[in-house]
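Colleague:
Residue numbers (our numbering): 18 to 360.
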């Protein structure tokens, strides 16, 4: 565990001794795409300054001359006929273009990443709109469309004042799972001050802050239709049984109105709430600015908190996280911090 492999990730992934079937809990990948830039592996000195010990990792430019052999080998050996037919259709449409070279590079890697995932494992693919539509089709073919869980939109920057069209401020992260049974830990973010002021407006005698919640059933429940302390049953019944109502009452968790014609409500204490449940649009993680301590100068470096959120949601402590492209090591740093093994 906690191993760093240097070289072409496809060669390593095909080594079944190093990467046996169903050996990884989470894959996060942020693959390069035709930026025509050189990427270096970056280091910092203990002082925090950039080290001179840099070396060239790869050039992010894809040509068919480089990809043709990989494509042909994949077409000949891939057992998934639907994926083979899809790749052949792409080739028919895209010809020997840089985009086709990129997809020929990605498809066999995604197939190997699917192989090494555990049945409860997840894959997150980080991309931009340039090739996301092609990549999603390949992922659907390899993982099965039914195992597509979410398209996460991360707002990575603010609107550009010089944009000639709708300003491109977001990235896409595709979230797939190996099966319908997968590791999941819901993630929350803090409520806004406006929300707290409007919702959590009440205090108990001991100072605990709470808001009021509905105690009526959202659907008909005949067995929950009973009178409670002089309050008539709601039309569709109560949300809780008499036993649960008695327990809540004994704990002081029910708020009673001053009129019997009104409904009692449940006290929901702020100190027991984990926060606002996160959806698939993330606007609360800022990009790495020029003054950030974690900034290494790597062109596509992602914020560590972004990786911490993904790792926290889809793994448990001790699980194995694999980043096949690695970049400047943000995934590794986040996994180490959260007590996960990493490759």
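Backbone N, C-alpha and C fix where the C-beta goes; we use that ideal spot for every residue, glycine too.
Taking residue 118 and residue 159 to be in contact with their CB atoms under 8 Å, please state how far apart those CB atoms are, rounded to whole angstroms.
Modeller: With 8 Å as the limit, residue 118 and residue 159 do not qualify as a contact, their Cβ atoms being about 19 Å apart.
Colleague: According to DSSP, which residues form a beta bridge with residue 228?
Modeller: 285
Colleague: If I measure Cβ to Cβ from residue 349 and keep anything under 6 Å in the same chain, skipping five residues before and after, which residues do I get?
Modeller: 359
Colleague: Scan the segment 234-272 and note each continuous alpha helix (DSSP H) run of 4 residues or more that stays entirely inside, going in chain order.
Modeller: Listed in chain order, they are 259-267.
Colleague: Cutting at 8 Å between CB atoms, please list the residues of its own chain near residue 26, excluding the five before and the five after it.
Modeller: 126, 341 and 342
Colleague: Give the straight-line distance between the Cα atoms of residue 52 and residue 322, rounded to the nearest whole angstrom.
Modeller: Interpretation of residue 52 is limited by its pLDDT of 49, a score under 50 that renders its predicted location unreliable; the figure taken from the coordinates is listed afterwards. About 25 Å.
Colleague: Would you list the residues sitting across from residue 143 in a DSSP beta bridge?
Modeller: 190
Colleague: Could you work out which residue in 48, 324, 163 and 39 is closest to residue 303 when comparing CA atoms only?
Modeller: 324
Colleague: Identify, in the order they occur along the chain, each residue of the same chain with its Cβ nearer than 7 Å to the Cβ of residue 208, setting aside the five sequence neighbours on each side.
Modeller: 292 and 293
Colleague: So, helix, strand or coil for residue 72, using DSSP?
Modeller: Low confidence applies here, because residue 72 scores a pLDDT of 46, under 50, leaving its location unreliable; read the following figure in that light. Note: residue 72 maps to strand in three-state DSSP.
Colleague: By the 10 Å Cβ neighbour count, where 16 or more other Cβ atoms means buried, how is residue 335 classified, buried or exposed?
Modeller: By the beta-carbon neighbour count (other beta carbons within 10 angstroms, threshold 16), residue 335 is exposed.
Colleague: Can residue 164 and residue 184 be called in contact, C-beta distance under 8 Å?
Modeller: no
Colleague: What is the DSSP secondary structure of residue 41, counted as helix, strand or coil?
Modeller: Residue 41 falls in the strand class under three-state DSSP.
Colleague: Flag this pair as touching only if the segment 130-139 and the segment 27-42 have three or more C-beta atom pairs under 8 Å; answer yes or no.
Modeller: yes
Colleague: What would DSSP say about residue 358, mapped onto helix, strand or coil?
Modeller: strand
Colleague: Is it the case that the Cβ atoms of residue 338 and residue 170 are separated by a distance below 8 Å?
Modeller: Taking a C-beta distance under 8 Å as the contact criterion, residue 338 and residue 170 do not qualify as a contact pair.
Colleague: According to the Cβ coordinates, are residue 43 and residue 138 closer than 8 Å?
Modeller: The answer is yes: Cβ separation under 8 Å.
Colleague: Just to confirm before moving on: does the CB-CB distance between residue 47 and residue 143 stay below 8 Å?
Modeller: yes
Colleague: Looking at the secondary structure, which residues open and close the alpha helix (DSSP H) in which residue 133 lies?
Modeller: Note, residue 133: alpha helix (DSSP H), 115-133.
Colleague: Strictly by DSSP, which residues pair up with residue 168?
Modeller: 191
Colleague: Buried or exposed for residue 354, please, with buried defined as at least 16 other CB atoms from any protein chain shown within 10 angstroms of its CB.
Modeller: exposed
Colleague: With a cut-off of 8 Å on the beta carbons, I'd call residue 247 and residue 277 a contact; round off their distance for me.
Modeller: 5 Å
Colleague: Residue 227 and residue 286: beta carbons closer than 8 Å?
Modeller: A distance below 8 Å separates the beta carbons of residue 227 and residue 286.
Colleague: So residue 192 and residue 141 are supposed to be a Cβ contact under 8 Å. How far apart are they, rounded?
Modeller: 5 Å
Colleague: Select from 243, 252 and 105 the residue whose C-alpha is nearest the C-alpha of residue 260.
Modeller: 243
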